[in-house]
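Worksheet: the structure to be examined is printed underneath.
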Amino acid sequence: MISGEKLKKLRLLRELTQKELAIKSGLTDSAIRNYELGYRSPNKDQLIKIAQVLDCDVSALIDHTPISNFEFMQILFDYEEDLKIRPLIEDSTIGLLSHDMNLNDFLVEWDEMRKKHYNGEITDEEFEDWKLSYPKKSRLRK
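Mapping of the sequence shown onto UniProt numbering: residues 1 to 142, in sequence order.
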């Protein structure tokens, strides 16, 4: 299901009105309004068009809210083989070890962007835009 909050946030980051987004994506402004309010959800084709206009991956518009932390843990189990991850515990540090280059590149870039945000090199809006636009705005995108 689409996240109305993320849709609105991305639309505003792109400085678009609901009407402008609707026109560019071939939808009505009432459809965009209903998606943002959570009353309706676009079909797959409509979602793809919206993502293209907002210059983001479709996954950035999806609500990924797990029911609980345990659901997130189950997701890690589900992706353990695909992402080549395993727990890593050394001294008092606990983390994930990955042998997947895409995940490793993402983690490195995420850490760099978090540090830039913390140090005031980028604004809250720029950091949020990077997160919602990933991987489209990744410096590592080939």
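We treat Cβ as the ideally placed atom computed from N, Cα and C, and that holds for glycine.
According to the DSSP assignment, I85 belongs to the beta strand (DSSP E) that extends over I85 to E90. For L97, the three-state secondary structure derived from DSSP is strand.
The criterion of a C-beta distance shorter than 8 Å is satisfied by L7 and Y35. Per the Cβ contact rule, the stretch 10 to 25 is not in contact with the stretch 72 to 81 (fewer than 3 Cβ pairs under 8 Å). Spanning the alpha carbons of G26 and I48 requires a straight line of approximately 11 Å. Assignment of I67 by DSSP, reduced to helix, strand and coil, places it in the coil class.
The continuous stretches of alpha helix (DSSP H) do not include N119, and DSSP gives it neither H nor E. The beta carbon of I32 is closer than 6 Å to those of Q18, L21 and A22 in its chain, skipping five residues each way along the sequence. Using a Cβ distance threshold of 8 Å, A60 and L132 count as a contacting pair. Counting only the Cα atoms, I85 lies some 17 Å from W110.
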